[in-house]
Each structure stands twice: as C-alpha cells, then as structure tokens.
Amino acid sequence: MFEARLVQGNLLKKVLESLKDLLTEASWDCADTGIQLQAMDNSHVSLVSVQLRADGFDKFRCDRQLSMGMNLTSMSKILRCAANDDIITIKAQDQADNVTFVFESPNQEKVADYEMKLMNLDQEHLGIPETDYAAVIKLPAAEFQRIIKDLSQFGESVVISCTKEGVKFSAAGDIGVGNIKLAQTASVDKEEEAVTIEMQEPVTLTFACRYLNMFTKATCLAPQVTLSMSPEVPLVVEYKIGDMGHVRYYLAPKIED
Amino acid sequence: KITQGRIDNFFQRE
C-alpha cells in the first residue's frame, strides 16, 4: 500500500507544471524515504531529478518500494482539476496498475477522486556524481526567467560566464547581441532578492535557450534558483520545493568542435 | 562549429 497526503497540494501542481513540457512520461519511484523521479528528455540533452521527502508529506506510507510509470501529460491534466488550496492524496495498491489522486477542499465539503492507469516504463537511471562546482550562483528565480526569456530573442544559445566580478549572460544572433551582467548584491532587504556567487575558478559555458526556457517553468516553485557550473560538465539548475525537496535540471553544454 | 552535448555522455548508466 502506498499513500501520500499533502496539505499544500499546490506544490505538487507546480512540480507537474515544471516537468510536463520537458518529459512526456516518467516513473515515480516510491520508498519509505519519499518519492523520486529521474528522467531524460527525448533528445537526451537534459535530465530532470525530483525529490519529495517523506517527512515533507502530512501523511506518508509506503509498505514496499514501487515504481509508478505515468504519462505526465495525463497526470498534469488530473492535477489541474485540483484547486490551489486542495489537499492532495496519492494512493496505489502494491503491484497495482492504476493510481488514485484524491483532492479535498480545505473544509472537506468537496472531495474528488481521479484514477489513472500506470505504465510499464523501462527507464534507465544515470548515476550523478557528487561534484564540487567551480561556480555556484544563487539569484531570484523570476530574474533568471526574465534573463533567459529576453536573451532567447537573440539566438538559440546563451553563454553564461562567471567571474569574481559577477555573472554575465550573453546571446548573439541575426538581430544583434545581448549581454546581461549581474553583480553580487551588496545588501538586500529580503534574502530572496539577493544574488550570491561562490566561485572557485572562472567558468564560461554555452547552453541551449530552448531547455533553459523549459526549466524556468519551475519558477513558481521557489523564490530563488541555484545555478552550479564547472568547466565542461552539465549545468545544474535547482529549485527547492518548499522544505520537502527539489527539482534539479541538468543540461549538457554546447561544445566547440 | 558548436554542437549540443548529450547528457548521457556525462553521467554513467546505473
């Protein structure tokens, strides 16, 4: 028996919004520690990793490990039927071929349940090594979304360059060139408005705008986003899911031949 | 010429 109840159901709605453009199907791996998802996009350019810890749920029961393969487009359609303040419960029997989503209004006066077929997905897991990144940049998630949206008008790629002076995002194309520089904030009223840079060595990498734009669908999840970069390794774009976990996107850089 | 890398060239299959 698997059952996970989340009073703050809108977090789950937001997680799905942040996945559905990148992935069409994926497996949710459930264990007594929580729920995890790891999947590559169809082109194998990026990888998404989601963690929802058991202690972040208001009730969590997972008697035996199970992997629930889901069509994320369908899951997203179902979650869109939940109101933002609904309590969401996910339920499945052991070795079941379907999953049930229950949405309760806060006053318990409306209860809806939706059943969805599970899929048998043969998904390969990739081992992500622990990495000490050369540069770790934290900035407001909305600012990052805006930068990527603005620079996407210029070309297909964004160059992210981090030095001790700050971080520079650049794009070039037929209409011209765009550069956006962010310096580390000296002082801010709110922590979530800060730009912080931890840098061991300068690093410059080039990434596809198309993917960065899809990652920014997770902006609704968290006030801040963390970008981790090292030379010639994938970029990590991380959004926290409240205090219960994270959505991490890994993006392979573009490489000069 | 610049080419897009693949994520599975960076991470090992488990």
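Chains as they are written, first to last, in our numbering: chain D, 949 to 1205; chain S, 359 to 372. Glycine included, every Cβ here is placed at the ideal spot set by N, Cα and C. For clarity, every value in this text was computed on a predicted model and none was experimentally measured.
- Three or more Cβ pairs closer than 8 Å define a contact, and the segment 1063-1074 of chain D falls short of that threshold against the segment 1082-1091 of chain D.
- Close CB contacts of residue 982/D within its chain, under the 6 Å cut and outside five residues either way in sequence, are with 1000, 1001, 1002 (chain order).
- By the neighbour-count definition (other C-beta atoms within 10 Å, threshold 16), residue 1007/D is an exposed residue.
- Within the segment 1050-1074 of chain D, contact with chain S at the beta-carbon level (separation under 7 Å) is assigned to 1072, 1073, 1074.
- Per the Cβ contact rule, the segment 1095-1102 of chain D is in contact with the segment 1149-1164 of chain D (3 or more Cβ pairs under 8 Å).
- In the DSSP assignment, residue 1089/D falls within the unbroken alpha helix (DSSP H) covering 1089-1099.
- Listed along chain S, the residues sitting closer than 8 Å to residue 1076/D by beta-carbon distance are 369.
- In this structure, residue 1154/D places its C-beta atom within 8 Å of the C-beta atom of residue 1201/D.
- Within chain S, the residues placing a beta-carbon under 8 Å from that of residue 992/D are 364, 365, 366, ordered along the chain.
- Boundaries cannot be given for residue 972/D, as no alpha helix (DSSP H) includes it and DSSP labels it neither H nor E.
- Straight-line measurement puts the Cα of residue 1054/D at about 7 Å from the Cα of residue 1033/D.
- A straight line joining the alpha-carbon of residue 1156/D with that of residue 1057/D spans about 47 Å.
- Less than 8 Å separates the beta-carbon of residue 1027/D from that of residue 960/D.
- A direct Cα-Cα distance of roughly 13 Å separates residue 1203/D from residue 1183/D.
- Taking the Cα of residue 360/S as reference, the smallest distance to any Cα among 1041/D, 1117/D, 1107/D is reached at 1107/D.
- Taking 3 residues as the shortest admissible run, the segment 1110-1170 of chain D contains the following complete beta strand (DSSP E) segments, listed from N- to C-terminal end: 1114-1121, 1124-1130, 1144-1147, 1151-1156.
- For the segment 991-1019 of chain D, the set of positions with a beta-carbon nearer than 9 Å to some beta-carbon of chain S reads 991, 992, 993, 994, 995 in chain order.
- Taking a Cβ-Cβ threshold of 7 Å, the residues of chain S close to residue 1204/D are 360, in chain order.
- The residues 949, 950, 1011, 1012, 1014, in chain order, have a CB closer than 8 Å to that of residue 1042/D in the same chain once the five nearest residues on each side in sequence are set aside.
- Residue state for residue 994/D is assigned as strand, using DSSP reduced to three classes.
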